[in-house]
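Visitor: The structure follows.
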Amino acid sequence: MGISIGFAAHAYTGPQANVAPKITYASRSQMLLVYWSTCPVAVVYSKSTDEVAAIARICERRNVPLVPFGAGSSVEGNFSSPHSGICVDFAQMDQIIQARPEDMDVTLQPGVNWVDLNNKIANAGLFVPLDPSPTAQIGGGMVATNCSGTKAMRYGTVEDWVINLTVVLADGRVIKTRRRPRKNCAGYNPTSLFVGAEGTLGMVTEVTLKLAPIPQDTGVAVVSFPCIRDAASAASTMIRSGIQLAALEIMDDLQMQVVNKYGSEAVRRRKWQGEPTLFLKFSGTTKAITSDISRVVTLIKPHNARDIIFAKSEKDEHDLWAARKEALFVMVSSRPEGTKIWSTDVAVPLSRLAEIIDLSKQDCSKLGLFASVIGHVGGGNFHTAMFYDPKDSTQKAAVSKVVHAMMDRALEMEGTVSGEHAIGIGKKDCLVDELGVETIDVMRGLENSLDPKQVAHHRNRLLHG
Numbered sequence: 001m002g003i004s005i006g007f008a009a010h011a012y013t014g015p016q017a018n019v020a021p022k023i024t025y026a027s028r029s030q031m032l033l034v035y036w037s038t039c040p041v042a043v044v045y046s047k048s049t050d051e052v053a054a055i056a057r058i059c060e061r062r063n064v065p066l067v068p069f070g071a072g073s074s075v076e077g078n079f080s081s082p083h084s085g086i087c088v089d090f091a092q093m094d095q096i097i098q099a100r101p102e103d104m105d106v107t108l109q110p111g112v113n114w115v116d117l118n119n120k121i122a123n124a125g126l127f128v129p130l131d132p133s134p135t136a137q138i139g140g141g142m143v144a145t146n147c148s149g150t151k152a153m154r155y156g157t158v159e160d161w162v163i164n165l166t167v168v169l170a171d172g173r174v175i176k177t178r179r180r181p182r183k184n185c186a187g188y189n190p191t192s193l194f195v196g197a198e199g200t201l202g203m204v205t206e207v208t209l210k211l212a213p214i215p216q217d218t219g220v221a222v223v224s225f226p227c228i229r230d231a232a233s234a235a236s237t238m239i240r241s242g243i244q245l246a247a248l249e250i251m252d253d254l255q256m257q258v259v260n261k262y263g264s265e266a267v268r269r270r271k272w273q274g275e276p277t278l279f280l281k282f283s284g285t286t287k288a289i290t291s292d293i294s295r296v297v298t299l300i301k302p303h304n305a306r307d308i309i310f311a312k313s314e315k316d317e318h319d320l321w322a323a324r325k326e327a328l329f330v331m332v333s334s335r336p337e338g339t340k341i342w343s344t345d346v347a348v349p350l351s352r353l354a355e356i357i358d359l360s361k362q363d364c365s366k367l368g369l370f371a372s373v374i375g376h377v378g379g380g381n382f383h384t385a386m387f388y389d390p391k392d393s394t395q396k397a398a399v400s401k402v403v404h405a406m407m408d409r410a411l412e413m414e415g416t417v418s419g420e421h422a423i424g425i426g427k428k429d430c431l432v433d434e435l436g437v438e439t440i441d442v443m444r445g446l447e448n449s450l451d452p453k454q455v456a457h458h459r460n461r462l463l464h465g
């Protein structure tokens, strides 16, 4: 590179820079196989806000693009580096700065894994009530994409739990977006600008999150249906009923067949029906859960539900839910050698959910390839995942057509092209169709005011011509 960053022990440059990013990108995100791009010329492993600010100042002076990197769990090319540049890897910024059980909040660095955090604060009877990929880092991809996961139906998305952020801007300035009370109406709300911005407005180096009490009791139930439209319709009925489910997930027949064949021993032992299946998670008091289960049984009957399976013990709960939690990773490991995965998501108003899932499943079935539907239907959000041979241009074009038809359909239904994956480079061409030119112009003005040299937001070319 020919530049000095003052703490070279944390950086890979020169020949190593050509190896380190490739290892990182390939090993951390098996799903990011569609949007492989140019590797950065150097990877810097920052350890503090001051170091991140120093990197930003150097890059801003020399017009070098910045690429923040968390755990690599994104699937839309969110951390891609199409113009090369410096990758700032937050893996070593993994400290819990201060947990405050009495205030029900915690301040931490961006590299903290949410599962590890919940394990460490469980003794205080508190948790972060989000449930994305187990590999996700809180201040990395979770804040950057405003992710959610299986519990969005009950607990919302990341933005609902962020109190404040410490952010390094593209020119190296450091800001704190708010103070620490849960309610705050002082001025604009800059916190919301950076949540979901994918690192294009600045790099998050500290996060303060609200915590929730761990529920007194939990329950899990699983029920299959003869077709995916029945399953989706049953899900919509349960959502509108007002039952306080913690999670409501859907897996199609292909996903169920995959977990039957390739899942963990506990999952395979159950011999699942190879049919579209809903996974339900209950939480609250034991009395409330018993009442909710009774209501669910009544609500799903008109939708041709098969027998519903209820967990009878904590181990049962774990084993039943494991089929859903393992689905993505089992699918990746079952991928035939030489194939790639194209995974995407959309979200629509609840009244259109069953229709779009049914139509998307029909499109997937016509491909003649492995193409499945899975999703967080409790939040009106679902995913498709398709295997294809990258050497076969016909296959790739067919998969691309299905993906774009799904996004077009979502927009026609007043939905969004991205329920939780954000935009990355994979969906940037759809953003004008969703938001309109005037809204994009406002976003462009915001980006240029914070980063006039396009050091941080260089990846999202859509917003600047």
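Mapping the sequence shown onto UniProt numbering, position 272 (from 1) lands on 272, and the numbers just tick up by one.
Glycine is no exception: its CB is placed at the ideal position from the N, C-alpha and C atoms.
Assuming Asp408 is part of the alpha helix (DSSP H), what are its boundary residues?
Guide: Per DSSP, Asp408 belongs to the alpha helix (DSSP H) from Ser393 to Glu412.
Visitor: Along the alpha helix (DSSP H) that carries Ser233, what are the first and last residues, could you check?
Guide: From DSSP, the alpha helix (DSSP H) with Ser233 extends over Ile228 to Ser241.
Visitor: Nearest to Ala91 by CA position, among His83, Gly85, Gln98 and Leu108, is which residue?
Guide: That would be Leu108, whose Cα lies nearest to the Cα of Ala91.
Visitor: DSSP on Pro213, reduced to helix/strand/coil?
Guide: Of the three classes helix, strand and coil, the one that applies to Pro213 here is strand, per DSSP.
Visitor: Which residues bound the alpha helix (DSSP H) around Val348?
Guide: Taken as a continuous stretch (DSSP letters only), Val348 belongs to no alpha helix (DSSP H), as it is neither H nor E.
Visitor: What's the gap between the Cα of Phe282 and the Cα of Ser418?
Guide: Computed Cα separation, rounded: 26 Å.
Visitor: Use the C-beta contact count for Thr384: other C-beta atoms within 10 angstroms, 16 or more gives buried, fewer gives exposed.
Guide: Buried: at least 16 other Cβ atoms inside 10 Å.
Visitor: Give me the residue from Glu206, Val44 and Ile357 with the minimum Cα distance to Val174.
Guide: Cα-wise, what sits closest to Val174 is Glu206.
Visitor: Under the assumption that Cys364 contacts Met331 (Cβ atoms under 8 Å), give the Cβ distance between them as a whole number of angstroms.
Guide: Not really, about 13 Å apart at Cβ, beyond 8 Å.
Visitor: Between the C-alpha atoms of Thr145 and Asp230, what's the straight-line distance to the nearest angstrom?
Guide: For Thr145 and Asp230, the distance between alpha carbons rounds to 31 Å.
Visitor: Is the beta carbon of Glu317 less than 8 Å from the beta carbon of Thr191?
Guide: No, they are not a contact pair.
Visitor: How many angstroms separate the CA atom of Cys59 from the CA atom of Met153?
Guide: Computed Cα separation, rounded: 41 Å.
Visitor: Which partner residues does Arg100 have in the DSSP bridge list?
Guide: In the DSSP output, where bridge partners are listed per residue, Arg100 has Asp105.
Visitor: So Ala212 and Leu280 are supposed to be a Cβ contact under 8 Å. How far apart are they, rounded?
Guide: That pair is no contact at about 20 Å.
Visitor: Since Leu367 and Ala397 are thought to touch, with beta carbons under 8 Å apart, how far apart are those beta carbons, to the nearest angstrom?
Guide: Not confirmed; about 11 Å, so no contact.
Visitor: Give a yes or no on contact between the segment 369–383 and the segment 248–262, applying the rule of three or more CB pairs nearer than 8 Å.
Guide: At 8 Å Cβ cutoff, the stretches touch.
Visitor: From this set, Arg335, Arg444 and Val346, which residue's C-alpha is nearest Asp408's C-alpha?
Guide: Per the Cα distances, Val346.
Visitor: Which of the three DSSP states is assigned to Gln30 in this structure?
Guide: Caution is warranted here: a pLDDT of 45 is assigned to Gln30, below 50, making its placement in the model unreliable, and the coordinate value is therefore given only provisionally. Of the three classes helix, strand and coil, the one that applies to Gln30 here is coil, per DSSP.
Visitor: Given 8 Å as the limit, is there contact between the segment 222–242 and the segment 304–313, that is, 3 or more CB pairs closer than that?
Guide: Enough Cβ pairs lie closer than 8 Å, so yes.
Visitor: Quick check: the Cα distance between Lys301 and Gln216, rounded to an integer number of angstroms?
Guide: Straight-line Cα distance between these residues: approximately 29 Å.
Visitor: Start and end of the beta strand (DSSP E) containing Gly284?
Guide: Looking at the DSSP string, the run of the beta strand (DSSP E) that includes Gly284 is Thr277 to Gly284.
Visitor: Measure the Cβ-Cβ separation of Val168 and Ala53 and say whether it is below 8 Å.
Guide: Yes.
Visitor: So for Trp114, helix, strand or coil by DSSP?
Guide: Helix.
Visitor: Our contact map puts Gly415 next to Arg335 with C-beta atoms below 8 Å; I'd like the distance itself, whole angstroms only.
Guide: Actually they are not in contact, since the Cβ atoms of Gly415 and Arg335 sit about 28 Å apart, beyond 8 Å.
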